Every structure is written in structure tokens, then in C-alpha cells.
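Before any comments, here is the structure.
Right, here's the structure in full:
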């Protein structure tokens, strides 16, 4: 697959070289090097990678002697608490762990302190992945221009990977799929319900997002888009294009021909459950769930699952989407707590911290760790090549602060299409109409294309 | 002298009531006024501060065309009427049976009220596991009889009935308790007289107990009906309004508008409309109950 592509190979060689340089320049920080600061509070979601983050925090506390309070919530609950805190006169939380789908409202709303304003000497480590430059914010142009200010530090690089049953692939002599058609073929060959489903998809109406995140790689790789040209501020809604329809029809076809009979009711937890119990041959899933699948106390398929880049509509054109997490410091908390949060982030971006983070079960956010060939050799890290190979193709779903509203529309209408309550045409036209109304109300330059 | 007494009485009454009135204004009137103010504004956030833009009745105008809100309203009514009717009937029957017991009444009463003591979050977890398509207890039991598994929470036609069943399990004990208290307060001599006159169990129930219990039944129904219109936790925990809009209820629509979509102006308009709708329903229901009492 990727190895046959000389361009890709060059990229990996470069990444590995960069990694080696990063390793050489890295100096382990000791307790004496991490300043003693007062306690501070992190508000975070209880996603599958949380155990890894908690492990890193515990390591930080032990190493530095500093105290960190964790306020742990469900995905939606974390956003609600963050909103309430940043809108109050005095904020409760000192470090916000923001998802790639809603960090925009924190940037646009002016709720965060640029990191250089807290400590002008703070530099984001060159090895830290920038995730489509979403860590930066140019207030004047409202874009993620790296010339703008550093607003956040990445803490999780969730992108979907194709997880598949390597043992069944070996038994059936299957090739790892590069296109959606190949994936459908393989899924059909392994589909034997109710013992095993060819593929399990996140088709549920999520709170806040399930089906839209699962479907977006299909949309992008089929050439569909939510807006005509978002970077150029053309917010004409184009999701109901023929490409969008092809993507949704294929997604539904996959569910019907090789999927779970109740795809419309499956959220991320059920996907993990089906994989871990050996009832699913494939799934698109963020790698954060990996530690559960390889944990003998939680999984019946330890060592049997492998990871690959998500397929595309054509070979070499995958379109994984960002579902990453960024850490930002709010404006409305005292300086000393901002400083305490930044001290933690400074420690967190070191290679040593990232190694501990990974050992505790979370995917690292440093390129030199992610592309470290020595780590790849360890069978328990067999997901790492796929993750590293995906980062070049990764795209944001949207960058407008109205993402929460748009996401809610998408979840309902896409789910209705999957369960057969709406046709794909009608669902996409409704998404287009409702998204257009959202953008119009918010004052964007927007428009619609002819309905399907 | 008498008029001075009346004046003093009025003064003391006003003084005595003022803390209650102050608390009522603070806790109820002000939030509703704030909600009204929000409902005629579009609220956004710029540079960390909220910006209110007056939009008049635009939000209210949009309510009429909101298909999801309408679906939520219909589902809420189905949920409330269907669920509460069954709860009151079951609660009545259980209370009637327990009221006739002499020895083990306390044991049964304790057992029957257990579900209302379980926290909502646990009920969600328990029933979500029980109704799970792949690993649920219910489908496991069906499999023993050779019946194919059913997706109770993922099938549009089954999801709302499944949530109603959970609500019935959860809240029937509440109806049972109120109705048992009603049975226990009935005059024994009327029932004894009916038995002396040769009324059998059915006739005693039909012509003596039900008419005498009617005020308690109506109050129980109304009380549960009003609280049922506010259903949220079971929907949030079991189905998140899905599949599609099959279990969308008004509270959940408002929650998503307010908190998931962060549309405070429109969410407030929805809340105000629902608030007045429920208030109207209560007034109509109470007047109907009052008229019925007057006619009997």
C-alpha cells in the first residue's frame, strides 16, 4: 500500500530523520527542572484515551510535585462545563481539553488567552504535530494562520483508522483494502451474522457526534464537501452534491450488504464492544480505543486486530478526518493558575512525557514518537505505522464556530437516512437547507446548490 | 377598634408572606422574565462577552415550522398519556391487592417501591444493558425460545414503546404509593356495608371503591402526567432521541437546542412556549376535575 508509493516513503524517511533529530535534542526533564506551581484544574472528557491522559498527569504530579485536579465528564458534559466556566466572571477550570469539533467556538468567542501572552518564552516543540495548524489563531483574519498566535497545545491526535481482524485476513488470504469497494468485498466475505458482522459502523444519532464522524471519510474521499471553499470564505453549502449522495449511498450500502443489522443504533461504545467480543471484522475507529482491544481483561481478540489507513474512493486517496483534542487556557482564571497550566503543557510536550502518555494507553502527539521505527517493532504498537501514514491526508471537518449546530443537524438527518426514515437525497437536501439557514443567521457569505 | 384589628391582621399577613413572596419572585418570576428576554434576542459571544441582538418574535415565528419540535410534542404526549395511564392502572391494581392484605403488606409495599429508589443514571445503565441488541438479557431470553434478537432501542417503531416500558417500571411504584394511601384512608364502614349487602369482589371494586377513589386517581394521574411531560433522563440515557427522531421529546429538543447547539435565544423561545403550553394543560385539566367534582 503506502510502501509502494515513493512519495509516501520519502515522507516517512523524513519523519524518521526528524524523529531522530528530536531524540538527540531531547533532554529528560527532572523534578528540579519543572517549576513548582500551585494546583490547577483540567476539565476533560471521559473518552477511550482518558486513561492514557490520567497516566500522564499522574506521572507529572509524581515528577514535579505539583498538584493537578481532573474534572472528568462525558463528551457533551465537558463542553457544557467549559462553556459555563469561560462565560462566567471567574472561570472554574484552568485548562480546557477541547475537541476538534468545538474548539472553534472558544477561539472565535475570545475565551482563551494566547499562550505567548501567559509566557512569551513558551515555544511549541517542533516535534509536536500541528493538526492542520489548528493550534494557531489569527484574530484579524479568523483563520488558523501559523503567523497568528499559539492558542493551544495538542493533547490527542484522534483520527479514524481501519481496524480489521488480521487473523481472519490471514485465514481467508485477504488483502488490506485501499478503496471502499475493496473494503466492501472483504467485509462481505467475512460477514456471517449474528456470529460476526463484516463491518460495524457508527450509525447512531450521536450526542454530540457519531454518524457524521464515521461518514466524513466517505464524503471527502468521494469528492464531497460541506462548503464549497471554506478557506476562501465561500460557505455555499455543497453537501447535497452528486458526490455527497454517492458517499451516503455507499455508506448505507455497506451497512445493508455487510454491516450490523441495526447500524442506526450503534454508537462508538457499541463499535468497541462488537470488536472486543469478536463480533466485528472491520470498523473505522479512533486509535484511542486500541488499548481496550489489546487488553486481555476486556477483549476476546487480543493480538488479532490490526490497523490500516482508512480506504478512499480510489487507491492512495484516503480522507481521514480530524477528531483531535487541544488544550487551551481560558482568559478568566488567575495568572498563577494560567502559569500552572502552562507548566504542565510544557512538560507534556516533552518526548519523555509523550512516551509515558503512550505507555499509559494514549496515542502520542509528537511526530518523533509516532514515527519512531523502534517503537513500531513492538507488536503492541502495530497501529503506529497506519497512524503515521494517515497524518498526511488528515482534514478538518469544518472550522466555523457554528460546528455544534451543524453537527446536530448532520447527526439527525444522516441517522434518518441510515434507518430508512429519509432517502439519501432528502436527507442531504435537508442538511443543506438547515446548514444554509444556520450560516445565514450567523451572517456568512453562503448559498445553496440545486437540490438532488 | 375592629377596623384597626383588621388592618393589623393585614399588615401581619403581608409581613408573614413577604419572605415567601420574595423567594418566589427570586426563584421563579425572575428566571421566567430572563427567559422571556432571551427569547426575543439572538445571543452570541464576542471577545468573551455576550452580545444580545433584539429579534422580536422571530424565534417564536420559527417554532411553528420546526418539524423536530412538533415530533417532540407528539412523542411527549404519547409518552405521557400512554405511560401514565398504564402506571395508574397498574398502581391501582397493586394498591388494591396490597390494601386487602393483612400480614405481609409491609413486605410487598417495600418491594413495590424499590424502582423509585433507584437513581435515574442506574436505571439507564440497567435497561440499556438489558435491551442491548447483541448482548442484552432480553434478547438472550428470546434466543432460548428460538426467537431472533430484536433491537428494542434501535428500531424506530419499538424505541418509544421500549422507553415507555422503562418509565412504567420506574414510576408505577409512585402511583402505587399514592393510591395505597388513598385506599387506606377510605371509610371501612361503607365497604363493610357493601359486603353485608352481598356485593362480590368485582361489584365492590366497580361500584364502591373506584367511585370513592376517583379523586385520588385523578390527582395521581394529573401529578404523574405533568411530571411525565418533563421526561428527559430516560431519553437522554437510553436513546438520545433516536433512532432518527423516534424518541424525540420536548425536553430533549430544548436541551439540544440550548446546550448542544448553544442557541440560547431560540432555546428560550421553545422553553417559554412549552412552559405556557403545560400551564394551559394544567389549568384545563384542573378545571375539568373541578367540574367533575361539582357534578358528582
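Protein chains in written order, with the working numbering: chain W, 866 to 1317; chain X, 3 to 298.
The beta carbon of each residue, even a glycine, is placed where N, CA and C say it ideally should be.
Quick caveat: nothing in here was measured; it's all calculated off a predicted structure.
| message | If contacts are defined as beta-carbon pairs under 8 angstroms, then residue 1275(W) and residue 1077(W) qualify, I think. What distance do you get, rounded to the angstrom? | response | At roughly 4 angstroms, the Cβ-Cβ gap stays under 8 angstroms, so residue 1275(W) and residue 1077(W) are in contact.
| field | Three-pair Cβ contact test at 8 angstroms for the region 104-115 of chain X versus the region 227-247 of chain X | value | Not touching, per the Cβ criterion.
| Contact check, residue 922(W) vs residue 1205(W) under 8 angstroms by CB: the rounded distance? | The pair is not a contact, with the Cβ atoms about 13 angstroms apart (cut-off 8 angstroms).
| field | Rounded straight-line distance, which links the Cα of residue 1283(W) to that of residue 818(W) | value | Because chain W here runs from 866 to 1317, residue 818(W) falls outside it and cannot be looked at.
| request: Could you tell me how far apart the beta carbons of residue 978(W) and residue 929(W) are, in whole angstroms, since I believe they sit closer than 8 angstroms? | output: With a Cβ gap of about 22 angstroms, residue 978(W) and residue 929(W) do not count as contacting.
| request: Taking C-beta pairs closer than 9 angstroms, name the residues in chain W that residue 48(X) reaches, listed in chain order. | output: Those are 973, 974, 975, listed as they occur along chain W.
| Limits of the unbroken alpha helix (DSSP H) element including residue 941(W) | That run of the alpha helix (DSSP H) goes 940-952.
| Under 7 angstroms Cβ-Cβ, which residues of chain W neighbour residue 155(X)? | Those are 1130, listed as they occur along chain W.
| Can you list, in chain order, the residues of its chain whose CB lies under 6 angstroms from that of residue 1081(W), leaving out five sequence neighbours each side? | By the criterion of a C-beta distance shorter than 6 angstroms, residue 1081(W) is surrounded in its chain by 1186, 1262, once the five residues flanking it on both sides are discounted.
| message | Strictly under 8 angstroms for the Cβ-Cβ distance: is residue 242(X) near chain W by that measure? | response | It does; some Cβ of chain W falls within 8 angstroms.
| query | Can you name the residues that DSSP bridges to residue 1064(W)? | reply | According to DSSP, residue 1064(W) bridges with 1124(W).
| task | Using only alpha-carbon positions, find the residue among 996(W), 1095(W), 1143(W), 1114(W) that is nearest to residue 1291(W). | result | Comparing Cα positions, the closest option is 1114(W).
| 8 angstroms Cβ cutoff met for residue 237(X) and residue 172(X) | No, the pair does not count as a contact, with Cβ atoms beyond the cut-off.
| task | Examine chain W for any beta-carbon lying closer than 8 angstroms to the beta-carbon of residue 289(X), and answer yes or no. | result | No - not a single Cβ of chain W is within 8 angstroms of the one on residue 289(X).
| query | Is the distance from the Cβ of residue 1227(W) to the Cβ of residue 958(W) below 8 angstroms? | reply | Residue 958(W) is positioned such that its CB atom lies no closer than 8 angstroms to that of residue 1227(W).
| query | Does any residue of chain W bring its CB to less than 8 angstroms from the CB of residue 261(X)? | reply | Chain W contact via Cβ: present.
| request: Go through its chain and collect everything with a Cβ distance to residue 1039(W)'s Cβ below 6 angstroms, but skip five positions before and after it. | output: Counting only Cβ-Cβ distances below 6 angstroms, and skipping sequence neighbours, we find 1051.
| query | For residue 55(X), which of helix, strand or coil comes out of DSSP? | reply | If DSSP states are grouped into helix, strand and coil, residue 55(X) belongs with the strands.
| Own chain residues within Cβ distance below 6 angstroms of residue 1075(W), not counting five before or after | Counting only Cβ-Cβ distances below 6 angstroms, and skipping sequence neighbours, we find 1067, 1069, 1132.
| query | Quick one: Cα of residue 267(X) to Cα of residue 956(W), how far? | reply | So the two alpha carbons sit approximately 23 angstroms from each other.
| task | Can you grab the Cα-Cα spacing for the pair residue 214(X) / residue 207(X), in whole Å? | result | Rounded to the nearest whole angstrom, the C-alpha separation of residue 214(X) and residue 207(X) is 10 angstroms.
| Just how far apart, CA to CA, sit residue 193(X) and residue 117(X)? | In a straight line, the C-alpha of residue 193(X) is about 31 angstroms away from that of residue 117(X).
| query | Should residue 974(W) go down as buried or exposed, given a rule of 16 or more other Cβ atoms within 10 Å for buried? | reply | The residue in question, residue 974(W), is buried, as its Cβ has 16 or more Cβ neighbours within 10 Å.
| task | Report yes or no: do three or more beta-carbon pairs, one from the region 1244-1251 of chain W and one from the region 996-1003 of chain W, lie closer than 8 angstroms? | result | The region 1244-1251 of chain W is not in contact with the region 996-1003 of chain W.
| message | Beta carbons nearer than 8 angstroms to chain X: which residues of the region 1050-1069 of chain W have them? | response | The residues in question are 1059, 1069.
| field | Of the residues 971(W), 1308(W), 1193(W), the one placed nearest residue 1269(W), counting alpha carbons only | value | Closest option to residue 1269(W), Cα to Cα, is 971(W).
| Buried or exposed (CB count within 10 angstroms, at least 16 for buried), residue 248(X) | Within a 10 Å sphere around the beta-carbon of residue 248(X) sit 16 or more other beta-carbons, which makes this residue buried.
| query | Are the Cβ atoms of residue 913(W) and residue 1153(W) separated by less than 8 angstroms? | reply | Yes.
| Residue nearest to residue 999(W) in terms of C-alpha spacing, selected from 926(W), 988(W), 986(W), 1019(W) | For residue 999(W), the nearest C-alpha among the options comes from 1019(W).
| query | Is the CB-CB distance between residue 1123(W) and residue 1049(W) below 8 angstroms? | reply | Residue 1049(W) sits close to residue 1123(W), with the two beta carbons spaced by under 8 angstroms.
| task | Please report the Cβ distance between residue 155(X) and residue 164(X), rounded to the nearest whole angstrom; I am assuming they are in contact, meaning their Cβ atoms lie under 8 angstroms. | result | The C-beta distance from residue 155(X) to residue 164(X) rounds to 6 angstroms, short enough to fall under 8 angstroms.
| Listing by chain order, which chain X residues have their CB less than 8 angstroms from the CB of residue 1196(W)? | In chain order: 50.
| field | Distance, residue 284(X) Cα to residue 128(X) Cα | value | Taking the Cα positions, residue 128(X) is about 33 angstroms away from residue 284(X).
| query | Given 8 angstroms as the limit, is there contact between the region 78-87 of chain X and the region 213-229 of chain X, that is, 3 or more CB pairs closer than that? | reply | Touching, yes, given that three or more Cβ pairs across the two stretches are closer than 8 angstroms.
| request: Give the DSSP-derived three-state secondary structure of residue 971(W) in the structure shown. | output: Residue state, collapsed to three classes: helix.
| message | I need the DSSP call for residue 1310(W), collapsed to helix, strand or coil. | response | Three-state result, residue 1310(W): coil.
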